[in-house]
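In this note's numbering, the protein residues as written are 1041 to 1151.
Backbone N, C-alpha and C define an ideal beta-carbon position, used for all residues, glycine too.
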Ligand code: HEC
């Protein structure tokens, strides 16, 4: 199951986590990812679109929400955080559940 979770990500972000210039931002040594784990959880829960700057480069694309449960999201992010030269760390299913409740829908105008 874990392997499938990862390939969910790496289809776009590439097997080496380096992404594709102008299309998919890198997960490898991503300053954006390492800076804020909860923000990364939100992206998996709700997707993301619009301009984003990762490691000094701007991307403007669309990531769809990934239909994974709390455990799968925790596993996928923990894997990514401990791969590709990232800073390490752990995301737990409880943390994902908390974010899920904190940000129920993308259309919500909580900012
Ligand atoms: C269909 C392609 C696609 C898939 C699948 C995908 N992503 Fe993304 N991801 C993107 C795109 C495109 C962006 C940038 C969105 C934007 O421009 O706002 C992004 C942005 C991100 C970011 C924030 C920027 C960065 O690089 O740090 C993270 C973190 C991330 N994705 C993690 C994941 C993880 C983890 C998975 C698997 C569970 C995943 N993505 C699956 C396309 C994808």
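So, at 6 Å on beta carbons, what are the nonlocal neighbours of residue i in its own chain, with the 5 sequence-adjacent residues on each side left out?
| i | result |
| --- | --- |
| residue 1104 | 1087 |
| residue 1092 | 1099 |
| residue 1113 | 1084, 1136 |
| residue 1133 | 1110, 1111, 1114 |
Could you spell out where the alpha helix (DSSP H) holding residue i opens and where it closes?
| i | result |
| --- | --- |
| residue 1100 | Premise fails: residue 1100 lies in the beta strand (DSSP E), 1097 to 1103, not in any alpha helix (DSSP H). |
| residue 1118 | 1110 to 1121 |
| residue 1131 | Residue 1131 -> no alpha helix (DSSP H), and no H or E assigned at all. |
| residue 1074 | 1071 to 1075 |
Is residue i near the ligand HEC, with its Cβ less than 7 Å from a heavy atom?
| i | result |
| --- | --- |
| residue 1123 | no |
With a threshold of 7 Å on Cβ separation, who are the neighbours of residue i within its own chain once the five nearest residues in sequence on each side are excluded?
| i | result |
| --- | --- |
| residue 1125 | 1068, 1069 |
| residue 1122 | 1128 |
| residue 1060 | 1054 |
Between the options, which lies nearest to residue i when the distance is taken from Cα to Cα?
| i | options | result |
| --- | --- | --- |
| residue 1099 | 1089, 1120, 1118 | 1089 |
| residue 1097 | 1062, 1117, 1118 | 1062 |
Between which two residues does the beta strand (DSSP E) harbouring residue i extend?
| i | result |
| --- | --- |
| residue 1091 | 1088 to 1094 |
Residues in the same chain with beta-carbon distance under 8 Å from residue i, minus the five sequence neighbours each way, listed in chain order, please.
| i | result |
| --- | --- |
| residue 1139 | 1078, 1081, 1082, 1085 |
Legend entry - Check your reading: residues with Cβ closer than 6 Å to the ligand HEC heavy atoms: 1048, 1049, 1051, 1052, 1053, 1064, 1065, 1066, 1067, 1070, 1072, 1073, 1080, 1083, 1084, 1088, 1089, 1090, 1092, 1094, 1099, 1100, 1101, 1102, 1103, 1104, 1106, 1116, 1117, 1120
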